[in-house]
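Numbering (the working numbering), first residue to last: 28 to 733.
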Ligand code: ADP
Ligand code: MG
């Protein structure tokens, strides 16, 4: 295969039987360019050829099956379209099956032997009331028995163009088989040290490569899958942990040794509540980090309402006490605005200068803010992505806090560090909702993690109830009662992505329906949706905040950034259309005051299994971490909002919803290795080092980690 040092780097067209034309198709269709790419494109399933069906219990669900029996007869039949087909009769001890071929008839007539035992292999259907199989593969039993590799057949994904070029799954199987048969362990050396292999009892890398394509039995298949999954995660972890170590050495931040007047005044005079012990623990963790010259890189996770904002504020006050500025970056304008308001309110008349900078702040006002940031007048700036822009220059940014709303991305985070020439700010990333541990390990594996696992005291657990359309009269009655007690109510409609028109119609109908039961002037209803101008949205919102209206009918625009403690009922319409984390976010809008709060999930009768599961999860638990885990299991990582953009998540086999045990093992071993040998200089780790470098060269997103 040419003069390539490594067989894996050989261009695909040099493989015997592929050539330039087929090679081009494979490159275009599957993004496979080298032999390495080809053998690393694994089967997406296998057909168990150790198993035989009988004709009596034949499955006609489209799956490929195999049968053992005798070819009784065949004949050439002229069809209506004047074309011939070959029709055979196949029999086992349980029944008969019709076999049909439309192509290669002459050839088949030559090679098929009536009266012989065959294994037939294909997809069965019912045709004209008879069990039938079109274009089955036929193998003489006498020949098959000697062919041990027939135990599991790998099935590879294909495309129409691939099939047309003779590059279907079967052809790929042949190519891969041929390639693997020429390879030795030297072409595909082990990368893990013996002690890790022994500890994990995993098969060798070379073995895994053979078995993932051609397992002889279920055990081999599983061993290969586990080894490859481990490997997919292990090297990513090595890279993340190395980058974490590296940053600790390379990036210097200004240490904040002082807990001074701002922090103390605020803590002792302005705070209207006692911090929860979880909040206290997290602030301690942050203080320790910020006390060092090594840059803090910390992820703060906490459920909706767990009180992350106050932690952010206290951290920013520490920065101020040490003579540094801070910024707090939120994902949306509404959220930035809300942070700004709650932080300025909390600070009261303290001598801390805070401003808000978003895309919609322009002209003179913007200029003033930029000047005050540059000359150090401002202590704290709160804003959106506008903060990253080059025009935003700080005098001395000491702490950058990012409030992330499903917006992950290792690379984006880095953009805030570059704000100073000679030192980097400490970084605190807060997630808006909890994310599952496996996802956190993947996306934030290079950060230290703090978790607020406790809600402020006095909160009553929100009662969540599932109701059907027929229950609506009860729901209306319940709403009236709550309003009579002085409470306020949200009624939320889903965004219908295909049609904004339908959205509004949905919302409009809901509003008119409610008007019948909650007529003016006794009742007032606010309506908010995405089409409203910001000014009108604000006005409607303010009416609700001031209790001028009792009901707020809205689309999901209220998901983010609404805080009305007197609102105690959240009614979600068409609940089945919402994802779990969104439902949890919405529910988090209530339960903010002292009153018992309720979340009512309205649905129709027809619900998918998954929708039922989501609703059951919501009814069962208020715990955001539990919900995040359930969400990941139900939807898989690819569907979790925001994760798609991250190329880090491109695992071939690993499923972060299901492979937690493997991921834990991989992370733990990576931690031990990196703690013990940060630069991978020891001889036993040299292969890990080489392999990690190789992988990060190949994967663009991995390369951006450091
Ligand atoms: P999130 O973690 O969702 O950002 P917030 O920071 O917005 O939560 O806090 C939610 C509410 O809880 C706010 O009104 C905040 O003032 C209040 N809060 C935060 N910590 C405490 C506490 N320890 N005791 C009582 N109330 C608290
Ligand atoms: Mg928050």
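Glycine residues also receive a C-beta, built at the ideal position from the N, C-alpha and C atoms.
Practice task
Counting only the same chain and skipping the five closest in sequence on each side, list residues whose C-beta sits under 6 angstroms from that of residue 33.
Solution key: Start at 1 with the first residue of the chain shown, and residue 33 comes out as number 6. Contacts found: none.
Exercise for the section: For residue 643, count neighbouring C-beta atoms within 10 Å of its own C-beta (all shown protein chains included) and say buried if the count is 16 or more, exposed if not. Expected result: Taking the first residue of the chain shown as 1, we reach residue 643 at position 616. Answer is exposed; the Cβ neighbour count stays below 16.
Handout entry: Those residues which DSSP pairs with residue 97 across a bridge
Key = Here the question's residue 97 lines up with position 70 in the chain shown. Answer is 118 and 144.
Exercise for the section: Drop a sphere of 10 angstroms on the beta-carbon of residue 656, count the other beta-carbons inside from all chains shown, and report buried for 16 or more, exposed for fewer. Expected result: Position 629 of the chain shown, counted from the start, is the residue given in the question as residue 656. Buried.
Practice task
Evaluate residue 324 with the Cβ neighbour count: other Cβ atoms within 10 Å of its Cβ, from every protein chain shown; 16 or more gives buried, anything less gives exposed.
Solution key: In the chain shown, counting from the first residue as 1, residue 324 sits at position 297. The residue in question, residue 324, is buried, as its Cβ has 16 or more Cβ neighbours within 10 Å.
Practice task
Name the residue from 556, 516 and 543 whose alpha carbon lies nearest to the alpha carbon of residue 533.
Solution key: What you label residue 533 is simply residue 506 of the chain shown in a count that begins at 1. The shortest Cα separation from residue 533 among 556, 516 and 543 belongs to 556.
Handout entry: Outcome for residue 213 when other beta-carbon atoms lying within 10 angstroms are tallied against a minimum of 16
Key = The count along the chain shown starts at 1 and reaches residue 213 at position 186. So residue 213 ends up on the exposed side.
Handout entry: Option nearest residue 101 by Cα separation, candidates 139, 183 and 384
Key = Position 74 of the chain shown, counting from 1, holds the residue named residue 101. Checking every option, the nearest Cα to that of residue 101 belongs to 139.
Handout entry: Between the CA atoms of residue 273 and residue 390 - distance to the nearest angstrom
Key = Position 363 of the chain shown, counted from the start, is the residue given in the question as residue 390. Position 246 of the chain shown, counted from the start, is the residue given in the question as residue 273. Their backbone Cα atoms lie some 41 angstroms apart in a straight line.
Practice task
Could you check what DSSP says for residue 405 in three-state terms: helix, strand or coil?
Solution key: Looking up residue 405 in the chain shown gives position 378. Coil at residue 405, not helix or strand.
Handout entry: Extent of the continuous beta strand (DSSP E) run through residue 315
Key = Mapped onto the chain shown, residue 315 falls at position 288. Where residue 315 is concerned, there is no enclosing beta strand (DSSP E), although the alpha helix (DSSP H) it sits in stretches over 304-317.
Exercise for the section: Report yes or no: do the region 488-503 and the region 321-335 share at least 3 C-beta pairs separated by less than 8 angstroms? Expected result: no
Exercise for the section: Rounded to whole angstroms, what's the CA-CA distance from residue 176 to residue 605? Just pull it up for me. Expected result: As a working mapping, residue 176 is identified with position 149 in the chain shown. As a working mapping, residue 605 is identified with position 578 in the chain shown. Interpretation of residue 176 is limited by its pLDDT of 48, a score under 50 that renders its predicted location unreliable; no figure is taken from the coordinates.
Exercise for the section: Keeping to the same chain, check which residues put their C-beta closer than 6 angstroms to that of residue 725; ignore five residues upstream and five downstream. Expected result: Position 698 of the chain shown, counting from 1, holds the residue named residue 725. Correct list: empty, nothing qualifies.
Handout entry: Inter-residue Cα distance where the pair is residue 477 and residue 244
Key = For this step, residue 477 is matched to residue 450 along the chain shown. For this step, residue 244 is matched to residue 217 along the chain shown. C-alpha separation (whole angstroms): 44 angstroms.
Handout entry: residue 262 classed as buried or exposed, judged by whether at least 16 other C-beta atoms fall within 10 angstroms
Key = In the chain shown, counting from the first residue as 1, residue 262 sits at position 235. Buried.
Practice task
Evaluate residue 78 with the Cβ neighbour count: other Cβ atoms within 10 Å of its Cβ, from every protein chain shown; 16 or more gives buried, anything less gives exposed.
Solution key: By one-based count along the chain shown, residue 78 stands at place 51. By the neighbour-count rule (16 or more Cβ atoms within 10 Å), residue 78 is not buried but exposed.
Practice task
Could you pull out every residue in the same chain whose Cβ sits closer than 6 angstroms to the Cβ of residue 235, ignoring the five residues on either side in sequence?
Solution key: Within the chain shown, the letter at position 208 stands for residue 235. Within the same chain, residue 235 has close Cβ partners 251, 254 and 255.
Practice task
Run through the region 373-432 for me and flag every whole alpha helix (DSSP H) of 4 or more residues, listed as ranges in chain order.
Solution key: 390-401
Handout entry: Beta-carbon proximity list for residue 97, same chain, < 8 angstroms, skipping 5 on both sides
Key = As a working mapping, residue 97 is identified with position 70 in the chain shown. Around residue 97: 117, 118, 119, 142, 143, 144 and 145.
Handout entry: Close beta carbons around residue 44, own chain, < 8 angstroms, minus the five adjacent residues each side
Key = Working through the chain shown from its first residue, we reach residue 44 at position 17. Cβ within range, chain order: 201, 202 and 205.
Practice task
Say yes only if the C-beta of residue 342 is nearer than 7 angstroms to one or more non-hydrogen atoms of the ligand ADP, and no if none qualify.
Solution key: Your numbering for residue 342 matches position 315 in the chain shown. For the ligand ADP, not one heavy atom lies less than 7 angstroms from the Cβ of residue 342.
Exercise for the section: Pick helix, strand or coil for residue 475, following the three-state DSSP scheme. Expected result: Taking the first residue of the chain shown as position 1, residue 475 is located at position 448. Residue 475: strand per DSSP, three-state reduction.
Problem - Residues sharing a beta bridge with residue 166, DSSP - result: Residue mapping note: residue 166 aligns to position 139 of the chain shown, counting from 1. Answer by DSSP bridge pairing, in chain order: 146.
Problem - Identified DSSP bridge partners for residue 179 - result: Reading the chain shown from its first residue, position 152 is the one you call residue 179. 75, per the DSSP bridge assignment.
Handout entry: Check: residue 459 C-beta below 7 angstroms from any heavy atom of the ligand MG
Key = In the chain shown, the residue the question calls residue 459 occupies position 432. Yes.
Problem - Own chain partners of residue 84 with C-beta closer than 8 angstroms, once the 5 adjacent residues on each side are dropped - result: One-based indexing of the chain shown puts residue 84 at position 57. Excluding sequence neighbours, residue 84 sits near 121.
Exercise for the section: Check whether the Cβ atoms of residue 8 and residue 56 lie closer than 8 angstroms to each other. Expected result: Only positions 28 to 733 of the chain appear in this structure, which leaves residue 8 out of reach.
Problem - Delimiting residues of the alpha helix (DSSP H) encompassing residue 223 - result: As a first step, residue 223 is located in the chain shown; it is residue number 196 there, counting from the start. Per DSSP, residue 223 belongs to the alpha helix (DSSP H) from 221-227.
Practice task
Would you tell me roughly how many angstroms separate the C-alpha atoms of residue 613 and residue 515, rounded to the nearest one?
Solution key: Counting from one through the chain shown, the residue named residue 613 turns up at place 586. Counting from one through the chain shown, the residue named residue 515 turns up at place 488. Spanning the two alpha carbons is a distance of roughly 15 angstroms.
Problem - Proximity to residue 461 [Cα-Cα], best of 706, 165 and 326 - result: Reading the chain shown from its first residue, position 434 is the one you call residue 461. The candidate whose alpha carbon is nearest that of residue 461 is 326.
Problem - residue 295, buried or exposed, once every other Cβ within 10 Å from all chains shown has been counted against 16 - result: Numbered from its first residue, the chain shown carries residue 295 at position 268. Classification of residue 295: exposed, given that the 10 Å Cβ count is below 16.
Exercise for the section: Along the alpha helix (DSSP H) that carries residue 639, what are the first and last residues, could you check? Expected result: On the chain shown, residue 639 is found 612 positions in, with the first residue counted as 1. Taken as a continuous stretch (DSSP letters only), the alpha helix (DSSP H) holding residue 639 covers 636-647.
Handout entry: Below-8 angstroms beta-carbon distance, residue 560 vs any chain D residue
Key = Looking at the structure shown, chain D is missing, and only one protein chain is on hand.
Practice task
Report buried or exposed for residue 183, applying the criterion of at least 16 other Cβ atoms within 10 angstroms of its Cβ.
Solution key: One-based indexing of the chain shown puts residue 183 at position 156. Per the 10 Å Cβ criterion, buried.
Exercise for the section: Kindly confirm or deny that the region 466-480 and the region 339-347 touch, where touching means at least three C-beta pairs closer than 8 angstroms. Expected result: no
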